[in-house]
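Single-structure report; data block below.
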Amino acid sequence: MNFNDIINERRSVRSYLEKNVCDSLIYKILEYGHSAPSAGNIQPWEFIIIRDEDRKKKIVDTTYIGNDSVNGKSQDWLLSAPVFIVICGNRHRIEERYGKEAAKSILYLDTSACVENMLLGAVYLGLASCYVSGFRTKELSETLSLPRDYEPIAIIPIGYSSEVCFKRPKIDIKEIIHYEKFCK
Ligand SMILES: Cc1cc2nc3c(=O)[nH]c(=O)nc-3n(C[C@H](O)[C@H](O)[C@H](O)COP(=O)(O)O)c2cc1C
1 MNFNDIINER
11 RSVRSYLEKN
21 VCDSLIYKIL
31 EYGHSAPSAG
41 NIQPWEFIII
51 RDEDRKKKIV
61 DTTYIGNDSV
71 NGKSQDWLLS
81 APVFIVICGN
91 RHRIEERYGK
101 EAAKSILYLD
111 TSACVENMLL
121 GAVYLGLASC
131 YVSGFRTKEL
141 SETLSLPRDY
151 EPIAIIPIGY
161 SSEVCFKRPK
171 IDIKEIIHYE
181 KFCK
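Residue numbering for the sequence shown follows UniProt numbering, starting at 1 and increasing by one per position.
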């Protein structure tokens with residue numbers, strides 16, 4: 001699969017086959033994530049791999065659909081994926097180098113680069129995934145026993161897709177490109 005195919009075939013997949021994903025493939029995805037760029041090369045990410053069904057259910061209980069974090073239904077579709085990877089960020093390590101204010105954004109910038117590498121890496125390996133951040137952070141932190149310095153950034157389910165997903169419409173690229181300066 002060439003780079004162009006990987007970019008074009010990536011989709012947010014929300015339904016997976018009942019087929020396991022072996023540890024070596026998961027490990028490859030983690031390596032792709034860990035190769036991402038980060039401010040000052042701090043690499044503030046850590047990964048939690050979850051296969052246990054009860055744990056997966058507890059994680060899903062912290063999720064919600066849409067904007068309503070309190071009343072929104074949980075994202076039960078996640079349970080069809082055999083593996084979850086939770087990407088966590090260590091804010092403290094960034095604060096030490098860049099200070100509290102800058103760390104707020106750097107944490108998300110770094111870990112998002114890491115997540116995107118993993119999403120694309122999954123496609124390369126014939127797998128599918130989805131970037132999920134609709135969860136109650138405090139609850140998920142407790143469920144995962146995260147130390148205080150860590151924040152869960154994304155849940156990415158990993159599995160073999162069971163759906164034919166068409167490419168979601170994107171804004172016409174010509175509308176978002178500017179040359180030399182921003183032009184309306
Ligand atoms: C930061 C971020 C958070 C997201 N959170 C969720 C989520 O909680 N649940 C979900 O089903 N999809 C989530 N998505 C996936 C988007 O809905 C998806 O990327 C978008 O609809 C475009 O579809 P595509 O990824 O197939 O191109 C998220 C994506 C991003 C980048």
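Where a beta carbon is used, it is the ideal one built from N, C-alpha and C, also for glycine.
Taking the straight line between their C-alpha atoms, what separation do you get for G33 and K167? Cα to Cα, the separation comes out at about 23 Å.
Test item: CB-CB of I158 and I29 under 8 Å: Taking 8 Å as the Cβ cut-off, I158 and I29 qualify as a contacting pair.
What residues in its chain sit with their C-beta under 8 Å from that of V132, if we drop five residues either side in the sequence? Here the set comprises T63, Q75, L78, A154, I155, I156 and P157.
Identity of the residues DSSP links to I155 by a beta bridge: Answer is V86 and V132.
Check this for me: beta carbons of E53 and Y150, under 8 Å apart or not? In this structure, Y150 does not lie closer than 8 Å to E53 by Cβ.
Looking at the structure shown, is Y16 part of a helix, part of a strand, or coil, going by DSSP? Y16: strand per DSSP, three-state reduction.
Tell me which residues share the same chain as I7 and place their Cβ nearer than 8 Å to its Cβ, disregarding the 5 neighbours each side in the sequence. Cβ-Cβ distances below 8 Å link I7 to L120 in the same chain, with the five nearest sequence neighbours on each side left out; the list follows chain order.
Cβ-heavy atom distance between G121 and ligand 1 below 7 Å? G121 Cβ: outside cutoff for every heavy atom of ligand 1.
So, with DSSP's three-state summary, where would you put E96? Reduced to three states, the DSSP call for E96 is helix.
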